[in-house]
Amino acid sequence: MNGYSQEAARSHNFSQPGRPAMTRVALEPFAKAPHLRYVSLLDSLNTTGRETTTRFASVKPKSSRHKKHTSLVNTMAAQPVTAPASEPFAPTQRLSILHGPRDPPLVDLSLGELLELQTYQHGTKECLVIPWTGARWTYNELNQQSLLLAQALLKMGIKAGDRVGVMAGNCEQYAAIFFAVSRIGAILVILNNTYTPSEAMYAVQFSKCKILFTTKQIGRLDNRRFLEQLANEVNGPKIVMIRGDTSGYETYDDLIKSSSRQSPRELHLAMSKVVPHQVCNLQFTSGTTGRPKAAMLTHHNVVNNARFIGDRMRLTPDDCLCCPPPLFHCFGLVLGMLSVITHGAKIVYPAEVFDVQATLKAVIEENCTALHGVPAMFDSLFQAAPDDFKSSKIRTGIVAGAPVPRYLMELMVNRLGMREFTSSYGLTEASPTCFNAFTDDALGKRLTTVGTLMPHASAKIVDRDGNVVPLGERGELCMAGYQLQAGYWNNSEKTNEVMVRDSAGVLWLHTGDEAVFSEDGYCTITGRFKDIIIRGGENIYPLEIEERLMAHPSISQAIVVGLKDEHYGEVVGAFVQRAENSEKPTFLELKDWVRQRLGGHKSPAHVFWLGEDGVPGNVPLTGSGKVRKFEMAKLGDELLKKSRSAKL
1 MNGYSQEAAR SHNFSQPGRP AMTRVALEPF AKAPHLRYVS LLDSLNTTGR ETTTRFASVK
61 PKSSRHKKHT SLVNTMAAQP VTAPASEPFA PTQRLSILHG PRDPPLVDLS LGELLELQTY
121 QHGTKECLVI PWTGARWTYN ELNQQSLLLA QALLKMGIKA GDRVGVMAGN CEQYAAIFFA
181 VSRIGAILVI LNNTYTPSEA MYAVQFSKCK ILFTTKQIGR LDNRRFLEQL ANEVNGPKIV
241 MIRGDTSGYE TYDDLIKSSS RQSPRELHLA MSKVVPHQVC NLQFTSGTTG RPKAAMLTHH
301 NVVNNARFIG DRMRLTPDDC LCCPPPLFHC FGLVLGMLSV ITHGAKIVYP AEVFDVQATL
361 KAVIEENCTA LHGVPAMFDS LFQAAPDDFK SSKIRTGIVA GAPVPRYLME LMVNRLGMRE
421 FTSSYGLTEA SPTCFNAFTD DALGKRLTTV GTLMPHASAK IVDRDGNVVP LGERGELCMA
481 GYQLQAGYWN NSEKTNEVMV RDSAGVLWLH TGDEAVFSED GYCTITGRFK DIIIRGGENI
541 YPLEIEERLM AHPSISQAIV VGLKDEHYGE VVGAFVQRAE NSEKPTFLEL KDWVRQRLGG
601 HKSPAHVFWL GEDGVPGNVP LTGSGKVRKF EMAKLGDELL KKSRSAKL
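Under UniProt numbering, the first residue of the sequence shown carries the number 1, and numbering increases by one thereafter.
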């Protein structure tokens, strides 16, 4: 493994001291039938546990060959119920340490095995619907497309461990590419559609992609400048056009057609060598500091995380999930497509990129029972929906990425009928979900927390010295368990910074997020740990100041950062956006507004109006829409320096 050994990757994922060992179903008896070796795992996908109840009916095998399938079908079919009071969510010894449930057991499946097994179960059932392309693929069709493409990739010289890139909007080919690359042991490098040509070039060069699947246009993004730059690269990847204007390039369809005439022998051999703890995906972090890092995720990581996500939503084969978030993000890929496939359900990607009208149309026409999105997406939907818009089918879905305002939650419940929506927290390096609410948690819990810990995970909150804080105190959230990344690609230094073993030998991921645990095991994210402002030795939390400023009728956006100060070390600085058609409050009015609810030391020492008085109007964002606060703090320091120079 380039830059990070296979042994190191394994050590980050196998069972750790103090944690339950993972379930490993023996595969050796089927080694001579490599493309069927996973069949005995059917029991692992449907086992029941504390979180689950049996969901699938028993499967009657048609032959002895298919008997092997039935054991795996029975491990995946599980449906969550409310966690009892004795659930291992309870904090340990009044300290901020949590351990998730031990049931259902982990399964040891590769992505190819997962798709093959679910195809056996649900072959003729619709799996993937893409209204904007007209595609309506069954499990059989997705499975077959990925097999043909995997065969074509082998013919092109792609081997286990090679990197294959994809930069495209939500489409059916994206799903086939994802499974095809993983089936032969190669690694899919997922590129963010919002990358500038220089950012995309960095990702391709850094990961040394041999092939790049893409399109000349992604929504409104013109990709041709990036493609022109790639054409000038001596050792650049081979470009394969997925759809649209494909002139001058080999196409996805060309590969599928050529593959249909090949013998599958080489493919079966390649698939037989894939093991679940191999890296299958390089997922670039959106990174609020510096260049993005490439998290190495394994088959084992994402398959199990997707199962548990679907369990928390109570997904069944009768469900249909509408998923506007992009496939290049873990939200659209793992919380979306994989959570659906692990539960034999159906997913709809309404448009190439987020489109309000296409989403509203898909919700109604596809009879969707679940809907994913970040709060801003839901807000856009409600603003655009006609007054009489109401879905009678939607019951659940995940809202994540930012706190959910109460008014938005009320609209989700009353207008969409999403009485079983769930809140969630995760990060790329944890594959991604760490905490998720149950569908029957109290609305207040789903509104103010990110739920409880997922199965087979552990969490703790530490102070700046790494000591576990008492229950109820804020600190940095750390995660341990099966879902941790194998490390950052070719970056052992950054890997060792965030992944640290404790004295008991347990590997912990330092998330960089600030959180607090409640008595009953619920987690509330209170901000970025690195964003904490230390004013004269006292910790100040930007999120609570931002929320207070946002409550002012004249402010539509607030970003709070720490600014350098000779006396206090740091003081509160606020970048604010004036609401449309509103009067601009004075500096003293805003300070008083904050003081009414928060301490005087938390009121802004400096206020900058975005787009006014020489302050830029554009806010620097990551690819997933997070504010790059370190850039805002740098801007604030520069503005203050200019102001002081002008006064001299």
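From the three backbone atoms N, C-alpha and C, an ideal C-beta is built for every residue, glycine too.
| Check | Outcome |
| --- | --- |
| Environment of R265 [buried if 16+ CB atoms lie within 10 Å] | exposed |
| D379 in three-state terms, based on DSSP | helix |
| Simplified DSSP assignment, three categories, for T246 | coil |
| Selected residue, minimal CA-CA separation from A574, among E538, M632, P616 and I525 | M632 |
| Coil, strand or helix - G636 by DSSP | helix |
| Spatial neighbours of G475 in its chain, beta-carbon cut-off 6 Å, leaving aside the 5 residues before and after | I461, V462, D463 and V469 |
| Beta-carbon proximity check, L321 vs A345, cutoff 8 Å | yes |
| Cβ-based burial, P350 [other Cβ within 10 Å; buried from 16] | buried |
| Selection from L221, A203, G512 and L153 that minimises the alpha carbon distance to E250 | L153 |
| First through last residue of the alpha helix (DSSP H) which encompasses K591 | F587 to R595 |
| Closer than 7 Å: Q357 CB and nearest the ligand NAP heavy atom | With respect to small molecules bound, the structure shown includes none, and the ligand NAP cannot be examined in it. |
| Exposed unless 16 or more other CB atoms sit within 10 angstroms - verdict on P616 | exposed |
| Assigned secondary structure, F630 (DSSP; H/G/I helix, E/B strand, else coil) | helix |
| Three-state secondary structure (DSSP) of E365 | helix |
| G573: first and last residue of the uninterrupted alpha helix (DSSP H) it sits in | Counting along the chain, G573 falls outside any alpha helix (DSSP H), though it belongs to the beta strand (DSSP E) covering G569 to R578. |
| Beta-carbon spacing of A605, V627 below 8 Å | no |
| Alpha helix (DSSP H) segments (min. 4 residues) lying fully within the stretch 258-290 | 265-272 |
| Buried versus exposed, by CB contacts within 10 Å (16 or more), S392 | exposed |
| Close beta carbons around S645, own chain, < 7 Å, minus the five adjacent residues each side | none |
| Per-residue DSSP class, three states only, for residue 670 | Nothing in the structure corresponds to residue 670, since the chain is present only between 1 and 648. |
| Exposed unless 16 or more other CB atoms sit within 10 angstroms - verdict on V274 | buried |
| Segment contact flag, the stretch 497-507 with the stretch 525-539, C-beta cutoff 8 Å, min 3 pairs | no |
| Sequence-distant residues of the same chain with beta carbon closer than 6 Å to E546, five excluded per side | A558 and V560 |
| 3-residue-minimum beta strand (DSSP E) runs that sit fully inside the stretch 174-205, ordered along the chain | 187-190 |
| Element boundaries [beta strand (DSSP E), containing T422] | E420 to G426 |
| CA-to-CA distance, K564 to T342, given in whole angstroms | 50 Å |
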